[in-house]
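Engineer: Take this structure first; my questions come after.
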Amino acid sequence: MRDDSNHPDPEPLGQIDPREGESTDTSWMAPDPPPIPDRIRKKVEPGRPNLPQLPKVQVKVDHRWLRYGFIGGGAIVLGLVLALVFRGSPFDETARAQWQALCTDYAKWFSPLEGSIEHQDKTVLRDVGLSSVVDILADAEKFDPRFIAERPGSNLAAIGQEPPASAKTPQAIGATSQAVAALSRIEAAFAKWPTIVALESHHVMFKDHGWDRAAEFVELHLKDAPPYGKAPVGQTLMKLQRLEAQTTSIAHAVKLLEEELAVLAPYNDPVFDALAQAVRDLDHEPPTAPRSQTNGDAPYSPQLAGLTETLGALEAFANRFKRMVESDQWDTIDHARFRETGRAYTMLAQGEHPHSDIFRTWLAEVDNYRGVAEEDWRPAWAKQQREALAQTTPPLRKLQAADHLTAKPLANRIEELHSRIDSVLDSPNQEGLANELQIQRNLIERDVRDTVASAEKLEQALAAQQTADQLRATTPLIPQAGKRSPAIENAWLAERQRLAQKLEKDNDLAAAAADLETARQTLLALNDSNSPQSLPPAATFDLNRHDFTTAKLLEVLQTRSAEQRQATFAVALGDGLPIDTTRWSKLQRGYAKQLKATEALADLATRIERATAGAYRLDDPAVSTAEGGLAAEVDAGKKSALMRDPSVAEAVDPVWARVEAITAVAKSFESWVPLYEAATQSHEPALAFAMWRHLAEVDWPGRSATLTAEFALQKQLTQHARAIAQRDRERGEALVAELAEARPARWLLAMNAAGDQAEIDAIAAMAQSMNVEVQGLPIHAQFNVRLYRMQSALGTLPTAPGPQRDAEILTMARAFSDQVRAMDEDPKLTPMLETLDGLTAQNASPREMLAEAGPAARGWKAQAHDGGQSVTFTRGDWALTFVRIDPERGDPFYLCTTELPVGLAIDLARWDGVEDELLAVMPERGEEDTRKGPSVWVHGESSLEINPRNWLRTPAAYLNDLTPSPPRPDYPINYVTAESASYLAARLGCRLPTVGQWTTAMQRFPVPPRTVPNLRDTTWARHAQHVSQLIQAGAPGIDWANSDVFRPATNTASADPVGDFHPINDATLWFKPSPRHDDASATPVHLVGNLAELVTLSPIDPTPLIDDEPSIDQRRDAFRREHKNQFAVLGASALSPASLNPTAPQPLNVFIGAKGYADVGIRLAFEVPFVSPARQAELALKNQPYLTP
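In full-length UniProt numbering, the protein residues as written are 1 to 1189.
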């Protein structure tokens, strides 16, 4: 079991309160940045804290729930006793009805509602006064009929129709009743929400006034209202509030207008009728559905906008007229006669009444209002602009489905234009504002056109991107695998990739489709061997009609013919489509010639097979006698009498024709070795010698692989020559001598044709075996052989450094320098000779060499920056950058800018073949992993592996918005011990930094201003509180949030409160990945925060940990005993309590810390190395390149 003496279980979490009277050491932070003015603070730094000031916050614990728990428990026990005594029918009709109602409501509206509620929706519910809904939803899982019936996989409709037995128990009946009551409370809460009540009242008012379309618009939004609506809860509630504000304004205006019309009705029927008709005619627009919303925008309706605008104008006009008719000027009017006959209206209008002037003024006001309403261009214009914007709806929906980030700016822009149109409609149509309205009109029309065009372009770009993605798919040109041409298929895929890139740039779908079809037809024609645009089919032969010798040759020819056809296609298609017709014609003719030569060779092979039937070898004694005579006639010459025999002539001609044909084909294919080998291994020495002689005269390939193969074939030819010497001594010895004399020449041809350093190595290594004398060779060949032998000799020296080894190296370097000077001078060798002279001189001194430092000493490639101020080491896909630090006291050193990634640790073991050793030095290798904190790695069967189990945490332990992504290879390795950290550092040619070095680095590279370090913050506090609640509720498999966190050995649990955290937020729960630094600008990151880092009190050499002997367990234990009190921890972590000073070294007991800690990792360091002159000379010789002709 795990010893948790240094990892005490934390106290439960309670309410998060600021801690008072405490301070945090912030000397490790950079000075405060200048303050940001308040007027721009929100825009520049929304929610960003002033990082250098990090007061701590304490999570306090409230134990009052224990008292309430006892009281509640007693009540529950009493209730159960009473239920047992006075129980009725366990499952009667009432219980059945409740069960069926719960199943129906849960499936119909509660489950969708609960599933759609996000954290932000809960905030909105509380803000609008619906906190009770949030409280009820906290127990949502208890309302699930499947949970109550203990039937998690059941169908709701099925168990609702026929309740299972588990739903009929007293406990289930009680739970059902509670669930039904809870759902009813949710329905009642929404139904009594003041906003919905007001909207329903306004909906009735709109219907009563005949404003059906406006009423329908309100009804559309009420249908979306929770709990039955399908729209997002938070957005819907806020939109309903904004809609209620509009309808309330309209209702207020209606109330005032009705009061004024009630006053006007007794005075003037015609005017009253005109006003009343105007009110009834307001609802003139067609109904519209709620527009696509963004947070902060109210629902828009032409009806509501028209009502708001016109009612205000009518109410103001009616109010003026009311004041007029109630004035003293109207006292003489016979209101009864005026109302009954209407003659007073005519009299006033015609000027027959003393007050006609006043009345005509009022009539002019009515006419002016009507004229404005009739001549106002804005409603029709707004409708036209909205119809134009409606064209953006289809492309916007496509963009939202494909890429909501791209669609969001367009949606915002459309919403903004609707708001600007509303602003124009809401502005008074006065003469003084006419010019301003016209300017706004022109600007909006322009922006609407631009927006519509942008939507079309984005839609076209989306279609182009989707088509480009389809083009990048590896779809073959020819469906049948047996009929495909690799070269043509590669060209097809390359053309699709090219068209995809072109399409992403120009978005021209039509051009892309046309180009793709052209490419398809072109390549299909090439693939069709019967097409004049293609190549004839490759040569094929019946391999079964001949014996082994000819069959093998024919097989090689057949293979080479097929390869040549594909190679011709590849050359033709090498520059892509379209194909150069002139070049293609030349390639077709060249292929036709090669095909003809191949077929001719096959024919000659068949003829010679018949001619040599029965002969074991061409120089076999059986055919050298007068009876056979074939080989003898070949040797004796064509003037022999046997040549006059037609059968002999027929047999001799194909022999030489075959040799010439094989040579010609070999030259065409540039691959003569298989044919040559076939002739040699098939016991046809005459044919093989003829080929060998001919190849000495042509452009021999001369590569190292060819030279190796040819040298092996020469050995076989030598054996044949010695066999011939047993029958014909003079001829056999001549052949042996001929072969021996040719080897150096062939070797020099290969040396001259060598393409790279590795090939020269291979050729130089063969110089001795091929009897090559160095003296007399060209300068470059002499030098290359001597350099190869010098480098080989250096490789035989003992690996352990020392004076004797240095002396041997300097002696060898002087001898090599003298040998090179003895050759003719070559300017290319002057720098090397000057370097060796300087290093072998008596006054030569050591110097710094980064090529021998740190990871470079373990085979990594080093690249220095800024004259060695920083250096980047690379291997594979990994890069590690170190910065040079020159302390005021002590030697300079290099410190890694990042913490060691777990993926690199795994690759190090794989590269060195020590996966088992890494497993042995890492903690927790037992069958059961007892770690309780977050971890990026686990033990695999044969190697360390990236943790696949979500940081070793139970998924239920995370809040939805705090679930971190799984660990990746670039995350820093944690849970390291002093031995495993030192072991990994040694594998990289480094060690752990000392306390002094880490402190110097911290002083030089403090946390930058406005940078939030990854420390224990409010994100961690939310997670910790959630975990505490789960543990108190009895959730299984949940560990405390601060489990396995490193704390100083002197601290106790009470000194490290669970709730101790910094009031900052970096939005990271666990750890951040180690960034890849590979340039001169890189500086150390995460010196404070992320992971705390292991350091040593004084420099410790970790190389004994990677020695071959003794066993890794013995090496580990010995290292632990020797350095048990020499390690410490610095830097603090994302899990460290806020009270921990990151710059104060905390001693680490290697035995107590043998299990590792969840928040402790590794940072590498190494000293600047000084290299002896002998080692410098050795490196200069090993890195010296070969010479070329």
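Ideal Cβ placement from N, Cα and C applies to all residues, glycine included. Every value quoted in this text rests on a predicted model; they were computed, and no experiment measured them.
Would you list the one or two residues that DSSP bridges to T1096?
Structural biologist: According to DSSP, T1096 bridges with T994 and F1127.
Engineer: Return yes when at least one heavy atom of the ligand ZN lies under 8 Å from the C-beta of D916, else no.
Structural biologist: Of the ligands one can find in the structure shown there are none, so the ligand ZN has no counterpart to examine.
Engineer: From what residue to what residue does the beta strand (DSSP E) around V871 run?
Structural biologist: Unbroken beta strand (DSSP E) run through V871: S870 to R875.
Engineer: If contacts are defined as beta-carbon pairs under 8 Å, then R449 and I421 qualify, I think. What distance do you get, rounded to the angstrom?
Structural biologist: Not a contact, Cβ separation roughly 14 Å.
Engineer: Suppose the cutoff is 8 Å on Cβ atoms and the five residues either side in sequence are ignored; what does the same chain contact list for Q497 look like?
Structural biologist: The residues are L471 and R472.
Engineer: Answer with buried or exposed for P972, where buried requires no fewer than 16 other C-beta atoms within 10 angstroms of its C-beta.
Structural biologist: By the 10 Å Cβ count, P972 comes out buried.
Engineer: For the beta strand (DSSP E) that contains R884, what are its first and last residues?
Structural biologist: Residues W878 to I885.
Engineer: Whole angstroms are fine: how far does the CA of R484 sit from the CA of E750?
Structural biologist: Glu is not the amino acid found at residue 750; the sequence shown has Ala there. Going by the C-alpha atoms only, they are around 38 Å apart.
Engineer: Taking the straight line between their C-alpha atoms, what separation do you get for F1170 and D891?
Structural biologist: Spanning the two alpha carbons is a distance of roughly 12 Å.
Engineer: For a minimum of 4 consecutive residues, which ranges assigned as the alpha helix (DSSP H) are wholly contained in the stretch 466-542?
Structural biologist: For the stretch 466-542, whole alpha helix (DSSP H) runs of length 4 or above, ordered along the chain, are 486-506 and 509-527.
Engineer: From V1085 to A1132, what does the alpha carbon distance come to, in whole angstroms?
Structural biologist: About 13 Å.
Engineer: Quick one: Cα of R949 to Cα of S201, how far?
Structural biologist: If you take the alpha carbons of R949 and S201, they lie about 55 Å apart.
Engineer: In the DSSP assignment, what residue or residues form a beta bridge with K861?
Structural biologist: K861 is bridged to T874.
Engineer: With the cut-off set at 9 Å, would you say A402 and Q466 are in Cβ contact?
Structural biologist: Yes.
Engineer: Of the residues L1140, A985, T406 and Q440, which one's Cα is nearest the Cα of A382?
Structural biologist: Minimum Cα distance to A382 is reached at Q440.
Engineer: By the DSSP assignment, the alpha helix (DSSP H) with H1023 in it spans what residues?
Structural biologist: Note, H1023: alpha helix (DSSP H), T1018 to Q1032.
Engineer: Cβ atoms of T1000 and N1065: under 9 Å apart, would you say?
Structural biologist: No, these two residues do not count as a Cβ contact at 9 Å.
Engineer: Please work out which residues of its chain come closer than 8 Å, Cβ to Cβ, to R48, disregarding the five sequence neighbours upstream and downstream, and give them in chain order.
Structural biologist: Confidence at R48 is low in this model, with a pLDDT of 35, below 50, so its placement is unreliable and no value can be given for it.
Engineer: Check whether the Cβ atoms of Q1184 and L787 sit closer than 9 Å, and answer yes or no.
Structural biologist: Yes, Cβ-Cβ distance for Q1184 and L787 is below 9 Å.
Engineer: Are the stretch 724-736 and the stretch 745-764 touching, with three or more C-beta to C-beta distances below 8 Å?
Structural biologist: Touching, no.
Engineer: The beta strand (DSSP E) with Y894 in it runs from where to where?
Structural biologist: First-last of the beta strand (DSSP E) with Y894: F893 to C896.
Engineer: Quick check: what's the CA-CA separation for L717 versus S769?
Structural biologist: So the alpha carbons of these two residues sit roughly 16 Å apart.
Engineer: According to DSSP, simplified to helix, strand and coil, what is P1185?
Structural biologist: DSSP places P1185 in coil when its eight states are reduced to three.
Engineer: For S1139, collect the residues of the same chain with a Cβ closer than 6 Å to its Cβ; drop the 5 residues on either side in sequence, then sort them by chain order.
Structural biologist: D1060, listed in sequence order.
Engineer: Any idea which residues DSSP pairs I946 with across the strands?
Structural biologist: Answer is W937.
Engineer: Per DSSP, G1161 forms a beta bridge with which residues?
Structural biologist: Per DSSP, E1093.
Engineer: What do you get for L797, buried or exposed, if any count of 16 or more other CB atoms within 10 angstroms of its CB means buried?
Structural biologist: It counts as exposed.
Engineer: Around the C-beta of P1057, are 16 or more other C-beta atoms found within 10 angstroms, so that it is buried, or is it exposed?
Structural biologist: In this predicted model, P1057 has a pLDDT of only 41, less than 50, meaning its place in the structure is not dependable enough to derive any value.
Engineer: For L1148, which beta-bridge partners are listed by DSSP?
Structural biologist: For L1148, which the question treats as bridged, DSSP gives the partners F1127.
Engineer: With distances taken between CB atoms, is the gap from R96 to P163 smaller than 9 Å?
Structural biologist: Contact: yes.
Engineer: Quick one: give me the first and last residue of the alpha helix (DSSP H) that S116 is part of.
Structural biologist: Unbroken alpha helix (DSSP H) run through S116: S111 to S116.
Engineer: DSSP three-state label for V218, please.
Structural biologist: Of the three classes helix, strand and coil, the one that applies to V218 here is helix, per DSSP.
Engineer: Please classify E924: does DSSP put it in a helix, a strand, or coil?
Structural biologist: Three-state result, E924: coil.
Engineer: One question on the structure: do L240 and I196 come within less than 9 Å of each other, judged by their Cβ atoms?
Structural biologist: A contact, by the Cβ cut-off of 9 Å.
Engineer: DSSP three-state label for V254, please.
Structural biologist: Of the three classes helix, strand and coil, the one that applies to V254 here is helix, per DSSP.
Engineer: May I ask which residues mark the beginning and end of the alpha helix (DSSP H) holding D761?
Structural biologist: Element bounds for D761: Q757 to A765.
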